[in-house]
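Here the protein sequences line up with chains G and Z, keeping their order. Every number in my numbering is 96 more than the matching position in the first sequence, counting from 1. Every number in my numbering is 96 more than the matching position in the second sequence, counting from 1. Heads up, the thing below is written out as C-alpha cells.
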Amino acid sequence: MAEPIRARFLALLLTAAAAVAAVMLQAGALAAQDAPATIVVGSKSFTESRVLGEILAQRIEAVGGARVAVERRANLGGTMIVFRALEAGDIDLYAEYSGTAWATILGETAPARDPLRTYLEVQRRLAAQHDLAWRLPLGFSNTYAIAVREAVAARLNLTRISDLAARGGDLRSGWSHEFLEREDGYPGLAAAYGLDLAEVRGMEHGLAYEALRSGRIDVTDAYSTDGKLQRFPVRVLEDDRGFFPPYDCAPVVRQATLDAHPWLGPALDALAYRLSATRMQQLNDAVESGGRSARDVARDFLAAEGLLGDGAADGRAREATAGDSDRRRDAPLLAFARSRLAPTLGLTAQHLLLTGVAVVLAVLVAVPLGVLLTRRRALAGPVLQFAGVLQTVPSLALLAFMIPVLGLGAPAAIAALFLYALLPIVRNTTTGIDGVDPALRDAAIGMGLRDRERLMRVELPLALPTIMAGIRTATVISIGVATLAAFIGAGGLGDPIVTGLQLNDTRLILSGALPAALLAIVADALLGRLEAWLDPQR
Amino acid sequence: MIRFEQVRKVFPGVDDRPATVAVDSVDLRVAQGETLALIGTSGSGKTTLLRMVNRLIDPSAGRIVVDDSDVAAQDVIALRRRIGYVIQRGGLFPHLDVAQNIGLLCTLEGWPRRRIAERVEMLLKAVQLDPSAVAGRRPQTLSGGQQQRVAVARALALDPPVLLMDEPFGALDPITRAKLHDLMRDLRHASAKTTLLVTHDLAEAFALGDRVALIDRGRIVQLGTEDDLRRRPVNDFVAAFVARHAGAANQGNHRG
Chain G
97 MAEPIRARFL
107 ALLLTAAAAV
117 AAVMLQAGAL
127 AAQDAPATIV
137 VGSKSFTESR
147 VLGEILAQRI
157 EAVGGARVAV
167 ERRANLGGTM
177 IVFRALEAGD
187 IDLYAEYSGT
197 AWATILGETA
207 PARDPLRTYL
217 EVQRRLAAQH
227 DLAWRLPLGF
237 SNTYAIAVRE
247 AVAARLNLTR
257 ISDLAARGGD
267 LRSGWSHEFL
277 EREDGYPGLA
287 AAYGLDLAEV
297 RGMEHGLAYE
307 ALRSGRIDVT
317 DAYSTDGKLQ
327 RFPVRVLEDD
337 RGFFPPYDCA
347 PVVRQATLDA
357 HPWLGPALDA
367 LAYRLSATRM
377 QQLNDAVESG
387 GRSARDVARD
397 FLAAEGLLGD
407 GAADGRAREA
417 TAGDSDRRRD
427 APLLAFARSR
437 LAPTLGLTAQ
447 HLLLTGVAVV
457 LAVLVAVPLG
467 VLLTRRRALA
477 GPVLQFAGVL
487 QTVPSLALLA
497 FMIPVLGLGA
507 PAAIAALFLY
517 ALLPIVRNTT
527 TGIDGVDPAL
537 RDAAIGMGLR
547 DRERLMRVEL
557 PLALPTIMAG
567 IRTATVISIG
577 VATLAAFIGA
587 GGLGDPIVTG
597 LQLNDTRLIL
607 SGALPAALLA
617 IVADALLGRL
627 EAWLDPQR
Chain Z
97 MIRFEQVRKV
107 FPGVDDRPAT
117 VAVDSVDLRV
127 AQGETLALIG
137 TSGSGKTTLL
147 RMVNRLIDPS
157 AGRIVVDDSD
167 VAAQDVIALR
177 RRIGYVIQRG
187 GLFPHLDVAQ
197 NIGLLCTLEG
207 WPRRRIAERV
217 EMLLKAVQLD
227 PSAVAGRRPQ
237 TLSGGQQQRV
247 AVARALALDP
257 PVLLMDEPFG
267 ALDPITRAKL
277 HDLMRDLRHA
287 SAKTTLLVTH
297 DLAEAFALGD
307 RVALIDRGRI
317 VQLGTEDDLR
327 RRPVNDFVAA
337 FVARHAGAAN
347 QGNHRG
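Listed below in C-alpha cells is the structure:
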C-alpha cells in the first residue's frame, strides 16, 4: 500500500546507480588513457617543488620522446603525501631534499650534519627499505640561510657567518618565530658561532625583507633558494662551520620505473649540478614575482642548459592544454572572473561528482548499518564510537592514509569523504528508528507484522525525515572536505584554492572557495526541500 | 475461545528493585463469542494478561490456549493475524491514509487490490464512517472518536475470530465513548468475536462485557456478571471497588 514511499526510494536508488555508473565510466576512460607507457611526475604544494617537477617532466619528455607519456601530479601537499604516492606507485618520481628524507621519511631525530654522509645514507636506506633510487643531486641545497642588508655587509666586509660573529656585534636582527625557537635555528646557530647581536627579535617572515630594505633590521633568516633574495639588496652569508643541515635536492625515483625505462636514469643524471642556489632563486622568483608559469620557467631553464633535445616540441604541445593560472594575476577583475568561468564549471562538476558518489555510497552502507544497530543493540556502542573516531581524524591525514590503499586521485578522495559521511547517516538512521512512537511499534508487532515488514512499512518511512537530515549533514560536510581533495590530485574546487595559496593569489583562492561555499549552501537548501518532500506525514 | 491455565508472570528485578509478580496463578476461560472485561486498578496485571494472548509477553509459567492450541506452539505471525488488536489512541500509522491503515494486513497477505478496496469500504461502513469522506485522509486529521473507529476497522480487517482491546476508548470524552460502546454492541450483533477487553472504567466493563473479571495484584478477585459484582461481592474489596466506581457506572450505563 505504501507505493509513494517505495517510489521515492526507487527514484533515489536510480539516481545513486546513475551516479555510480558515471564514475565507473570515467574511471574506465582514465584506465584506457593509461594504456601507453606513462611516467608520472609528482610535486609538493610550493613553487620550487612545482618548478622542479616541471624540469623533471620536460627532461623526461625530451629524452623519452614518443616512447613515453609524462603525466604531472602537481601540488600533492606535504612530504608524507607525495612520498606515500611514490611508494604506492601512483607517481614514479619527484624532487626531494636530503635533510627532509633524513628527518621526515627515515624518521631520524638527530639533525643531519655532513652533506655527503647524509646523501649517501639517505640513498642507501631508500634503496634498501623502499626500493627507491636517490639520483645525483641537482646542485643546490634549500637550507636555512642568513641574509644581511647589502650595504651593511659591504661596509663590514661580511661574507661568512663567522664574519658576522666577529664584526656584527652592533647589528639588529629579526628572525622568523619558528627559526627563533628551533634548536637548529637561532639558539644553535648563536652557540655554534658565538653570535652576540645587539638586537634579537622575532617577526613574521613575510615582513622581514621589507624590514631589511627599510633599514629597521640588518640581519634575518631566509631559505637559501628563496626567490626574494633576488629582489632585495641582501647578501647571503656562507655557513662556514656547516651548522645548518644539508637539504641537497635530488630526484627520487621508483627502481621499478628505472628498470622499465633504462634510458631514464641517465636522462635524469644529466641534470646533476646544473642548478645552483642562485639559479634556483631566479627560477622561483620568475614564478612568484615575474608571473610566469612553472612550465615556461622550466622550459627556458632546460633550453638554456641544452637539455631539451628533440622532444621539446612534444612538451610544448602538451602545455597548450594545461590550465595556467599564473599569468592571470594581473588581469582586471572582470576579465579574471570571465577567464575563471569555464574552469570553475568543470571543477564544480568534479567536486559534485566526488561528493555525490561518496555520499551515495555512504547512504548505501550507513542506512543498512544504522538499521542493523537498532536490531543488534550490543553493536551500537562500538560501531558509533568507531565512526566517531573516524570523524575526528584530520581531513588531510585521512586523505593521506588513503593513498597507500587507493593511490592518488578521485578513488582515494571518495573513500575519505565516504568515511566522513558514515557517522551522520548511521547515527540519524539509528536515532530515527529509535524515535518511532513506541505505541506504533507495539501496534505493528501486535497486528502481526514481521520484523522486515515492520521496518519497511512503518519504521523506515517514519524515520525518513531524520535519515534525510543525516544525509544532508553528510553532504554539506563532504562538500567542505572535498576542497582538500586537490592535495591528492583529485581535482575539484580545491584546485584553485591550493594553487592560490602557494601563489598568494587571493582572487584565485576565492575563485575556488566561493563556489564551494555556494555549493554547500545550495546543496543544503535543496536537500532541505527533499527532506520536506519525503516527509511521510506532510 | 481463550483459556488461561495457571498463568503466572514474573518480571525480573532491575538494579535494586525487586522482581514483581504481575500475574499470579490465573485460570480463566473466555467462551466462543463472549466478551470478557478485565477491570482493576493500574498495575493490577490486567494488561499483562491481555498481552500474553498475542505473545507480546511470554508467561513465566502455565499456558494460554487459543482455539484449542497452546499459543506458544503456534506460529507467532499467523497467531497475531488471527487476533485483532486495538490499543488506546488507536496506534494508527500517521504516514498511511485511513484505507492504507485498514488494508495493511490484507496487503501483506497478498490480497488483490480490488478485494482490499472492497474490504476497506465494507469495514468503514461497519464502523459507521463514510468511506468516500475518510478513506484518503491521514488518521491524524480525524477526531479521536473517528480514529478509534478506524482502529476497530483495522483490527477486523482479516475477520479474526478473537479481539484484544487494551483500554481502547480510554482517551475519549464520555459522549464519544458512549457512541463507541453502541458501535461495539452493533458489531457484536453482526458477528460475535471472542473478545478480551481491558479497561479501568467499570461502566465500560459493564456496558461491553458479558462477564467482568476484577483483578487485583495479579489475581482474579471475582469473576461474574454485573449483577454478581453489584449484589454478591465476594469480599469487602469488591464491594468497595464497585461502590467507589458506582457513580460513574450509573452515568455511563446506557442500559440503566
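Think of the CB as a built atom: it goes at the ideal place given N, C-alpha and C, for glycine as much as any other residue.
Under the three-state DSSP convention, the category residue i falls into
i: TYR369(G); result: coil
i: SER607(G); result: helix
i: LEU201(Z); result: helix
i: LYS275(Z); result: helix
i: LEU448(G); result: helix
i: ASP112(Z); result: coil
i: PHE107(Z); result: strand
i: ARG625(G); result: helix
i: ILE153(Z); result: coil
i: GLN378(G); result: helix
i: LEU630(G); result: helix
i: GLN128(Z); result: coil
i: TRP198(G); result: helix
i: LEU319(Z); result: strand
i: LEU403(G); result: coil
i: VAL182(Z); result: strand
i: GLU334(G); result: strand
i: SER491(G); result: helix
i: ALA309(Z); result: strand
i: THR636(G); result: There is no way to answer for residue 636(G), as the model of chain G reaches only from 97 to 634.
Partner residues on chain G for residue i, Cβ-Cβ distance less than 7 Å
i: ARG176(Z); result: GLY542, MET543 and GLY544
i: LEU134(Z); result: Residues of chain G passing the Cβ test: none, with the nearest at roughly 16 Å.
i: PHE337(Z); result: Those do not exist, as PHE337(Z) stays about 28 Å from chain G at its closest Cβ, beyond 7 Å.
i: GLY187(Z); result: ALA535, LEU536, ASP538 and ALA539
i: ILE173(Z); result: GLY544 and ARG546
Beta-carbon separation (whole angstroms), residue i vs residue j, contact threshold 8 Å
i: GLU192(G); j: VAL296(G); result: Actually they are not in contact, since the Cβ atoms of GLU192(G) and VAL296(G) sit about 33 Å apart, beyond 8 Å.
i: ASP312(Z); j: GLY136(Z); result: 6 Å
i: LEU556(G); j: LEU519(G); result: With a Cβ gap of about 19 Å, LEU556(G) and LEU519(G) do not count as contacting.
i: LEU189(G); j: ALA181(G); result: So it is not a contact: roughly 11 Å between Cβ atoms.
i: PRO551(G); j: VAL467(G); result: A small fix is needed here, since residue 551(G) is Leu in this sequence, not Pro. Yes, they are in contact, since the Cβ atoms of LEU551(G) and VAL467(G) sit about 7 Å apart, within 8 Å.
i: LEU403(G); j: LEU429(G); result: Not a contact, Cβ separation roughly 39 Å.
Within chain G, partners of residue i - CB distance below 9 Å
i: PHE302(Z); result: Here the premise fails: no neighbours, minimum Cβ distance about 26 Å.
i: LEU201(Z); result: MET543, GLY544 and LEU545
i: ILE183(Z); result: ALA535, ASP538, ALA539 and GLY542
In DSSP terms, what residue i is bridged to
i: TYR190(G); result: VAL348(G)
i: SER165(Z); result: VAL162(Z)
i: GLU101(Z); result: ARG159(Z)
i: THR295(Z); result: ILE135(Z)
i: VAL63(Z); result: One cannot answer for residue 63(Z) here, as it falls past the ends of chain Z, which runs 97 to 352.
i: GLU300(Z); result: Paired residues: none, contrary to the question.
i: TRP271(G); result: GLY298(G)
i: THR175(G); result: Beta-bridge pairing links THR175(G) to no other residue.
Contacts that residue i makes with chain Z (C-beta to C-beta distance below 7 Å)
i: ALA565(G); result: By Cβ distance, chain Z contributes nothing, its closest Cβ being about 17 Å from ALA565(G), past 7 Å.
i: PRO632(G); result: HIS191
i: VAL554(G); result: PHE189
i: GLU549(G); result: LEU204
Under 9 Å from the C-beta of residue i: neighbouring residues of chain Z
i: PRO557(G); result: PHE189, HIS191 and LEU192
Contact with chain B by residue i, beta-carbon distance below 8 Å
i: GLU279(G); result: As a matter of chain content, chain B is missing from the structure shown, whose protein chains are G and Z.
Partner residues on chain G for residue i, Cβ-Cβ distance less than 8 Å
i: LEU152(Z); result: ASP538, ILE541 and GLY542
Every unbroken beta strand (DSSP E) inside the segment 216-267 of chain Z [3 residues or more]: 258-262
Whole alpha helix (DSSP H) elements within the segment 534-611 of chain G, 4-residue minimum: 534-543, 547-550, 556-577 and 590-599
Segments assigned alpha helix (DSSP H), at least 4 residues, entirely inside the segment 275-331 of chain G: 282-289, 301-309 and 324-327
Complete beta strand (DSSP E) runs within the segment 210-258 of chain G (minimum length 3 residues, chain order): 228-230 and 240-245
Completely contained beta strand (DSSP E) runs for the segment 127-168 of chain G, where each covers 3 or more residues: 134-138
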